[in-house]
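Asker: For the protein sequence lines, the chains are A and B, in the order given.
Per my numbering, the very first residue in the first sequence carries number 1; after that it's consecutive.
Per my numbering, the very first residue in the second sequence carries number 162; after that it's consecutive.
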Amino acid sequence: MKHTLSLLVENSPGALSRIAGLFSGRGFNIESLCVAPTLDPTMSRLTLVTRGDDFIIEQIIKQLNRLIDVYKVVDVSEGEFVEREMALIKVKAEAETRAEVLRMCDIFRCKVVDVSPKTYTIEVTGPESKLKAVIELLKPIGIKEISRTGTIAMQREKKSS
Amino acid sequence: MAKMAGKEMVVEALKREGVEVIFGFPGGAIIDIYDALEKDGSIKHVLVRHEQGAAHAADGYARASGKVGVCLVTSGPGATNTVTGIATAYMDSIPIVVLTGQVPTGLIGNDAFQEVDIVGITRPCTKHNYLVKDVKDLPRILKEAFYIARSGRPGPVLIDLPKDVQNSTAEFDYPEEVDLRSYKPVLSPHQKQIKRAFKLIEQAKNPVIYAGGGVIISGAHKELRKLAETIWSPVTMTLMGLGGFPGTHELSLGMLGMHGTYCANMAMANSDLIIAVGARFDDRVTGKIDAFAPKAKIIHIDVDPTSIQKNVKVDVPIVGDCRKALKMLIAAIEEDGRPSEIWKEKHEPWLEQLKAWNERHPLSYKTEEGVIKPQYVIEKLYELTKGKAIITTEVGQNQMWAAQFYKFDEPRTLLSSGGLGTMGYGFPAAIGAQMAFPDKLVVDIAGDGSIQMNIQEMATAMEQRLPVKIVILNNQFLGMVRQWQELFYDRRYVATSFQVTPDFVKIAEAYGAKGFRATKPEEVESVLKEGLETPGLVIMEFAIAKEEGVFPMVPAGKATTEMLLV
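Structure (structure tokens):
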């Protein structure tokens with residue numbers, strides 16, 4: 001099962017390395033990892049996507065909590081949550097495919113952020129499933145380069161009080 | 162507030178943390194702190210002969226005394242030499258603080274002389290570590306290091322000190338308290354969990370208390386005994402838990418696991434309730450995990466939540482300090498008010514069964530005409546020391562025979578590398594223990610393989626005039642590996658037979674110590690007597706049966722009931 005964990009960690013040197021080291025040292029997987037400071041500059045928000053059964057996820061969360069630099073760990077995928085990822089995709093766009101690429105951008109509400117005679121670079125944002133769909137559709141046209149941010153996520157607030 | 166150089170801050174912090182003795186080895190990147198130590202003059206420094214010895218000695222000091230052990234080494238090789246010692250302390254949850262010198266901050270990352278990224282290297286084997294980049298942070302970091310090392314589940318903390326930081330000055334504002342928002346160990350268990358645990362205890366017919374090193378670390382031995390005697394439950398201990406419950410008590414089943422007693426392993430396998438206290442269901446204890454304690458419900462008390470549900474499914478997890486948890490559990494039992502006769506009556510058939518198992522296969526060994534059996538040496542050592550010595554062990558057969566045949570009644574009297582299994586641990590640890598307790602008898606039980614891994618510390622012990630006694634069980638083999646080769650590799654003794662073994666009596670003499678040797682069973686007692694009575698550092702060497710094995714033995718990966726017996 002895929003799990004998205006959201007961590008608050010001390011913004012200190014070594015914190016990221018401790019977390020990454022824990023995963024490699026204990027044989028857990030990281031599918032994606034994303035980290036940046038929060039409103040409080042001494043804290044960082046780290047979102048990571050991992051896979052495992054309940055037993056493994058429980059261990060991962062406990063082991064993360066054990067690290068001195070980790071303040072809080074939440075498995076956001078336990079409840080309702082919003083996840084987003086962004087990708088920059090440089091795609092071949094020559095005479096015969098330029099219109100096709102633009103149509104695709106329109107359908108998926110992507111932005112073209114760079115244009116060259118033979119390529120478009122497009123920005124796509126959404127849940128991982130949307131990125132996957134865009135990538136699959138652009139593949140036949142010819143993807144030259146791709147850069148993805150990894151997932152960020154947040155729990156949804158309750159809709160009723 | 163006074164301005165102070167980093168090196169003086171280190172010394173001042175050590176004093177405020179109550180550190181009386183440190184173990185170390187100097188070098189260019191730590192020379193300034195050595196100078197500051199000398200100028201201050203109030204902390205005793207033990208100069209070792211190899212930095213691994215310093216880390217183990219600090220660890221032995223910590224295990225014997227319950228205080229934080231400290232070691233001080235230089236950058237590069239000085240630092241890397243402590244890594245085995247740090248990993249040893251990490252696996253067994255021992256509080257030590259390791260101070261390493263580092264090249265000046267401006268040179269870090271430049272592959273400078275004697276530079277190594279020790280913070281990076283030790284990240285997975287320390288509880289926490291620091292590279293100090295600004296002297297202003299040093300007082301806080303020093304305070305935090307000691308706090309983190311000794312609180313919660315204890316462990317080693319390393320502080321890397323660049324040479325320029327040691328020599329820069331700042332205000333010395335030493336915090337009174339530590340408040341780390343991201344580190345708040347849970348010490349007080351939930352009352353609700355205690356109630357649930359009591360319910361299980363009430364229903365159990367075949368309970369076993371399974372006690373580990375956490376009992377000793379949290380000082381819960383009195384509470385453990387109280388619990389066992391109140392509900393009249395048998396107690397088995399891990400290697401790390403030996404001494405946490407009196408080994409001579411009628412409720413003691415001895416050690417469990419790979420080389421545990423028949424009775425202890427049968428008890429676990431047939432129990433309907435395991436009360437785990439400060440133990441972590443290590444593979445050496447559980448054997449084949451699917452076959453482990455199939456009938457038992459499990460109560461697991463541990464200060465470290467990661468230990469719970471890691472290897473086995475637990476019915477009642479209790480996160481908290483073992484001593485606190487046991488106190489609450491005892492209170493719940495007392496509140497219930499059932500007299501101990503009722504408990505005794507409930508568990509009587511179970512204890513009868515355990516007794517029968519123990520009588521069927523007690524710990525034993527075969528005697529052989531004219532050959533010294535290692536178990537006999539340990540038995541005699543136990544008799545002659547009246548069980549009162551602090552025993553350290555190396556790793557391998559010597560360690561298992563010591564654990565089986567020396568009965569530990571008091572906590573902190575067996576110091577042994579349980580988790581990491583570090584050969585060469587015992588002797589430097591004995592030095593540390595002897596520094597903590599100059600008047601106690603400290604004996605290292607060693608094999609001829611292990612002792613050679615840190616034998617250079619003979620010089621340290623001589624220099625400090627430490628009367629450590631070393632018992633070498635010499636079979637001219639790396640005995641434990643040989644035993645595996647005998648049993649599982651068709652007796653192919655690859656790389657386990659020593660063609661050359663030094664004359665240990667002469668080694669003792671070369672260092673200015675005393676050496677004795679026994680080659681026949683009838684010499685064992687007199688050599689032990691003479692060795693123990695001789696003042697100062699002593700080696701007692703016993704030429705033991707070359708191919709003696711440790712039994713019972715659960716082959717790796719087998720169920721604990723599939724024991725090979727004597």
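For glycine and all other residues, C-beta sits at the position ideal for the given N, C-alpha and C.
Bear in mind that the values here come from a model prediction, so they are computed numbers and not experimental data.
Have a look at B:L348 and A:I122 and give me their C-alpha separation to the nearest angstrom.
Answerer: 53 Å
Asker: Taking a cut of 8 Å between CB atoms, which residues from the stretch 322 to 355 of chain B lie near chain A?
Answerer: L341, R342, S343 and Y344
Asker: Let me check understanding here. Comparing Cα to Cα, which of A:T119, A:D106, A:T42 and A:V124 lies closest to A:Y71?
Answerer: A:T42
Asker: Closer than 8 Å is the cut-off here; do at least three beta carbon pairs connect the stretch 495 to 507 of chain B with the stretch 472 to 479 of chain B?
Answerer: no
Asker: Can you tell me whether DSSP reads B:P478 as helix, strand or coil?
Answerer: strand
Asker: Throw me the rounded Cβ distance for the B:A671 and B:I700 pair, which I believe falls under 8 Å.
Answerer: Actually they are not in contact, since the Cβ atoms of B:A671 and B:I700 sit about 11 Å apart, beyond 8 Å.
Asker: Does DSSP classify B:C424 as helix, strand or coil?
Answerer: It is helical.
Asker: Given this structure, state the Cα-to-Cα distance separating B:P572 from B:T249, to the nearest angstrom.
Answerer: 19 Å
Asker: Please tell me whether B:T657 and B:F638 are closer than 7 Å, where the distance is taken between their beta carbons.
Answerer: yes
Asker: Can you tell me the Cβ-Cβ gap for B:P628 and B:L698, rounded? I've got them flagged as a contact below 8 Å.
Answerer: 6 Å
Asker: At the 7 Å Cβ level, is A:I68 part of the contact set with chain C, yes or no?
Answerer: Given the protein chain composition of this structure (A and B), no chain C is represented.
Asker: Given this structure, state the Cα-to-Cα distance separating B:D600 from B:G230, to the nearest angstrom.
Answerer: 19 Å
Asker: So, helix, strand or coil for B:G531, using DSSP?
Answerer: coil
Asker: Are three or more beta carbon pairs between the stretch 314 to 330 of chain B and the stretch 188 to 206 of chain B nearer than 8 Å?
Answerer: The stretch 314 to 330 of chain B makes contact with the stretch 188 to 206 of chain B: 3 or more CB pairs, one atom from each, lie closer than 8 Å.
Asker: Apply the 10 Å Cβ neighbour rule to B:N367 and answer buried if 16 or more other Cβ atoms are within range, or exposed otherwise.
Answerer: buried
Asker: If I follow the unbroken alpha helix (DSSP H) through B:T243, where does it start and stop?
Answerer: Looking at the DSSP string, B:T243 is not in any alpha helix (DSSP H), and its letter there is neither H nor E.
Asker: So, for B:E691: in the same chain, excluding its five sequence neighbours on each side, which residues have a beta-carbon less than 7 Å away from its beta-carbon?
Answerer: F677
Asker: Distance, Cα to Cα, A:P117 vs A:K111?
Answerer: 17 Å
Asker: I'd like to confirm the pairing. Which residues does DSSP put opposite A:P37 in its beta bridges?
Answerer: A:S44
Asker: In whole angstroms, what is the alpha-carbon distance linking B:P789 and B:F703?
Answerer: In this structure chain B extends from 162 to 727, so residue 789 of chain B is not present and cannot be described.
Asker: According to DSSP, is B:K345 helix, strand or coil?
Answerer: coil
Asker: Please say whether B:T695 and B:K681 have beta carbons closer to each other than 7 Å?
Answerer: no
Asker: So for B:D451, helix, strand or coil by DSSP?
Answerer: helix
Asker: Using the three-state DSSP reduction, which class does B:Y291 fall into: helix, strand or coil?
Answerer: strand
Asker: Please report the Cβ distance between A:E78 and A:R156, rounded to the nearest whole angstrom; I am assuming they are in contact, meaning their Cβ atoms lie under 8 Å.
Answerer: The Cβ separation is near 12 Å, so there is no contact.
Asker: Listed in chain order, which residues of the stretch 120 to 140 of chain A have Cβ atoms closer than 9 Å to some Cβ of chain B?
Answerer: So nothing in the stretch comes that close.
Asker: Kindly say whether B:R653, judged by its beta-carbon, lies nearer than 7 Å to any beta-carbon of chain A.
Answerer: For B:R653, the answer is no, since every Cβ of chain A falls outside 7 Å of its Cβ.
Asker: Extract the residue ranges of the alpha helix (DSSP H) inside the stretch 326 to 405 of chain B, only unbroken runs of 4 or more that lie entirely within it.
Answerer: 352 to 364, 374 to 378 and 382 to 392
Asker: Can you give the Cα-Cα distance for B:Q560 and B:L634, rounded to whole angstroms?
Answerer: 10 Å
Asker: Under three-state DSSP, which class holds A:K130?
Answerer: helix
Asker: Between the Cα of B:G608 and the Cα atoms of B:S203, B:F665, B:T397 and B:E624, which residue gives the shortest distance?
Answerer: Comparing Cα positions, the closest option is B:F665.
Asker: For A:S17, return the contacting residues in chain B, with the cut-off set at a CB-CB distance below 8 Å.
Answerer: Those are G281 and R284, listed as they occur along chain B.
Asker: Let me check understanding here. Comparing Cα to Cα, which of B:T422, B:Y586, B:K534 and B:D443 lies closest to B:L515?
Answerer: B:T422
Asker: Hey, how far is the Cα of B:D196 from the Cα of B:F184?
Answerer: CA-to-CA, the gap between B:D196 and B:F184 works out to about 15 Å.
Asker: Just to make sure I have the definition right: I need the residues of chain B whose C-beta is within less than 8 Å of the C-beta of A:G25. Which are they?
Answerer: P285
Asker: Measure the CB-CB distance between B:D220 and B:V280 and report whether it falls below 7 Å.
Answerer: no
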